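Undergrad: Sharing a structure with you now.
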Amino acid sequence: METGQYNYFRDLLVVAVWLLAALWAGSPSSRFIVAMAVAASLVGTCEQVKPHWAWKTAYLGIGVIFGLFGPGIGFIGMSGGQFHYLSPGASIALTALWVGIFPALLQQLDNIPGMAGHLLAVSFSLLLLAAVFSGQNLPDAFFMSLCGVCFLGAFWSRHGHMFRRIGNSLAAMWGVLLAGTSILGVTKGIAFGAFMLLPLGLFAIPIAEASLHFVGLALASRPRGAAALYRKLISRGLDHPSAVRFITSLCALIGAIVAVTRLGSSIPVMFWVSAIIIFTGIAIIPFIMTMKESGEMLKRPAIWSTEVDDVSMDYALAKAGAAARSGRGVSLVSTVNALSVMDAEKNPAYAKALKESFLTLADGAGLVWALRFLGRPVQERVAGIDFMTRLVRTAAAAGLPVYLLGAREEAVRGAAEALQARHPELNIAGWRNGFFDPSDPSVAEDIRNSGARILFVAMGVPRQEIWIMDNAPHLGDLVAVGVGGAFDVISGMLKRAPRSWQKMGLEWLYRLIQEPWRWRRDLDLFLFVCKVLMTRLGLHPYGKEKNAG
């Protein structure tokens, strides 16, 4: 069974479990909420099959039904224990707005893989604690919150996966469930702040960002989008999972603080204070790691005229993913090895391309050894093919279209088919072999018109990097990655060296055995080693003046 089909059946199982739980143990109010949530999931399915903004209005319609026939917001708690009771029309309008917001909000959050599931887990956990320690009898709110926590836990591999979305259907369903559960607390007598402000606190940051996003759509020619905090964290060096956890922790902190201010007994206060301490620790640790990594990056290790970025694989993937989403021109990611460094010494155009690269990654055991030998080690080797395969996985999860350019016709076609088979949700905007005139403008034009946000170019070093930089003004907004012979390996036309060969730094020899015609080029490896030894002995200038000492 393919991944998409498997997830579809799991989604049906989630819906079925909610329906069975409501029919078996739920009250009329709980059953009504679950029924409306299932209706919202059907709207979400239609929205996914045939996208159109008009589907969003259906969620408001579900909210109107809430106000007319189900649990609605009838009053607002004021300071001093006073209540402001709403007129029937105002109650229906406020309920419709409340219920209509959360499906759309969760769908917006779901654009960041893993975000919706993590915030849902925290939301239902806090609602459950609020129901337990509120000091009032809230069986319906307790039942819905407990079911939410249990079902999210049971299907966590679907909802909490860091590189996969839950989809419009599930996001809409959970949005109505969350909104309805919070309304249950209000209808049973808890002041507005305890159950209604808790979700508002949890989702304060996403709501604010979504509001700014829609204002930007109306007033700006190029809005920044509704994930500004996420992009900022990524740009500061957090990888995708850490950024999701940090934002979840921050939202949970706000929600916990709101709950502490509204629930006054000592036991809940102890719970909330403990939660704040735990979440604060979770939030601070990634930032400490990020600041350390950012500080290490201030000095880029250099070997002769080539500088490389001292980054981990996860950091590089996060940076590339953020750049692909930002839409700010072409960001070149270059992967360099020992032969690439030697090419840069002889080819000024290639050296210039490396200097202007968004990221220059150390791909090759020989280069990693040389940098360590010369006293400027990098964190780890970031192999180009591994970087490509993981970036493809990120693109599939985030809905970023990719384009494959280069290699022979059978290799690029085979690579496209292999990647599509591995990731059915991947959007391959197009592919083309590498046999064309470098000055032909139609190639860059095709890539731009395809809407690709990530471009993989397999034309060999240094041709691929030079071509990317020469055509950057015409490629659109995307991340371009030079991947050398990766298409041959992914398509199965060329075998990659076994792990044992890679660990010994003999990947070059394994490839030479398969492609004997490379022997002339591989002679530069021996020249590279000699040059490194001369540099270590002080017989050759090392790096740049700013790296001296």
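My numbering applies: residue 492 is where the sequence shown begins, and numbers increase by one. Glycine included, C-beta positions come from ideal geometry on N, C-alpha and C. Remember, predicted model here, so these are calculated numbers, not experimental data.
#1: Under 8 Å: do the stretch 644-653 and the stretch 528-544 share three or more Cβ pairs, one atom per stretch?
#2: With DSSP collapsed to three states, give me the class of residue 794.
#3: Determine the direct distance from the alpha carbon of residue 1020 to that of residue 1005, and round the result to whole angstroms.
#4: Quick check on the DSSP output: the beta strand (DSSP E) that includes residue 657 runs from which residue to which?
#5: Give me the Cβ distance between residue 895 and residue 978, rounded to the nearest whole Å; I'm assuming they're in contact under 8 Å.
#6: For the 8 Å Cβ check, are there 3 or more pairs between the stretch 870-880 and the stretch 971-986?
#7: Can at least three beta-carbon pairs, one atom from the stretch 833-848 and one from the stretch 941-957, be found at a separation below 8 Å?
#8: Excluding the 5 residues flanking residue 721 on each side, which residues of the same chain have their C-beta closer than 7 Å to its C-beta?
#9: Exposed or buried, residue 932, counting other C-beta atoms within 10 Å across all chains shown (16 or more means buried)?
#10: By DSSP, does residue 788 sit in helix, in strand, or in coil?
#11: Taking the alpha carbon of residue 528 as the reference point, which residue from 542, 595, 543 and 585 has its own alpha carbon closest?
#12: Could you say which of 640, 660, 549 and 905 lies nearest to residue 501 if we only look at CA atoms?
#13: Leaving out five residues on either side along the sequence, give the residues of the same chain with a beta carbon under 6 Å from the beta carbon of residue 649.
#14: Under 9 Å, do residue 942 and residue 920 count as touching if we go by C-beta distance?
#15: Under a Cβ-count criterion, where at least 16 other Cβ atoms within 10 Å of its own Cβ denotes burial, should residue 841 be classed as buried or exposed?
#16: Using only the alpha-carbon positions, how far apart do residue 980 and residue 900 sit?
#17: Going by the beta-carbon positions, is the gap between residue 968 and residue 819 smaller than 9 Å?
#18: Please list, in chain order, all residues of the same chain as residue 886 whose beta carbon is under 6 Å from its beta carbon, the five residues on each side excluded.
#19: How is residue 893 classed by DSSP in three states: helix, strand or coil?
#20: I need the DSSP call for residue 830, collapsed to helix, strand or coil.
#21: Within the continuous alpha helix (DSSP H) that includes residue 812, where are the two ends?
#22: For residue 622, which of 949, 512, 639 and 609 has the nearest alpha-carbon?
#23: Closer than 8 Å is the cut-off here; do at least three beta carbon pairs connect the stretch 631-646 with the stretch 506-513?
#24: Quick check: what's the CA-CA separation for residue 503 versus residue 817?
#25: In whole angstroms, give me the CA-to-CA distance for residue 863 and residue 922.
#26: What is the rounded straight-line gap between the Cα of residue 822 and the Cα of residue 791?
TA: The relevant details are as follows:
#1: The way I'd put it, the stretch 644-653 doesn't touch the stretch 528-544; fewer than three beta-carbon pairs between them come closer than 8 Å.
#2: Correct three-state label for residue 794: strand.
#3: Cα to Cα, residue 1005 sits roughly 23 Å from residue 1020.
#4: Neither: residue 657 is in no beta strand (DSSP E) and is coded neither H nor E.
#5: So it is a contact: roughly 7 Å between Cβ atoms.
#6: Because the criterion of three Cβ pairs below 8 Å is met, the stretch 870-880 and the stretch 971-986 touch.
#7: Yes, the stretch 833-848 touches the stretch 941-957.
#8: Excluding residues within five positions, the ones whose Cβ falls inside 7 Å are 603, 734 and 738.
#9: Residue 932 should be labelled exposed.
#10: For residue 788, the predicted model reports a pLDDT of 45, less than 50, meaning its position is unreliable and no value from the coordinates is stated.
#11: Among 542, 595, 543 and 585, the Cα nearest to that of residue 528 is on 595.
#12: Minimum Cα distance to residue 501 is reached at 660.
#13: Apart from sequence neighbours up to five positions away, the residues of its chain that approach residue 649 with a beta-carbon distance below 6 Å are 501, ordered along the chain.
#14: Yes; because the gap between Cβ atoms is below 9 Å, this pair is in contact.
#15: Around the CB of residue 841, 16 or more other CB atoms lie within 10 Å, so the residue is classed as buried.
#16: Taking the straight line from one Cα to the other gives about 14 Å.
#17: By the CB criterion at 9 Å, residue 968 and residue 819 fall inside the cutoff.
#18: In chain order, 893 and 945 place their CB closer than 6 Å to the CB of residue 886, counting only its own chain and leaving out the 5 sequence neighbours on each side.
#19: Strand at residue 893.
#20: Residue 830: helix per DSSP, three-state reduction.
#21: Start and end: 804-817.
#22: Closest option to residue 622, judged by alpha-carbon separation, among 949, 512, 639 and 609: 639.
#23: Yes, the stretch 631-646 is in contact with the stretch 506-513.
#24: Roughly 34 Å between the two C-alpha positions.
#25: Linking residue 863 to residue 922 through their CA atoms gives a straight-line distance of about 38 Å.
#26: Distance between residue 822 and residue 791, taken at the CA atoms: about 18 Å.
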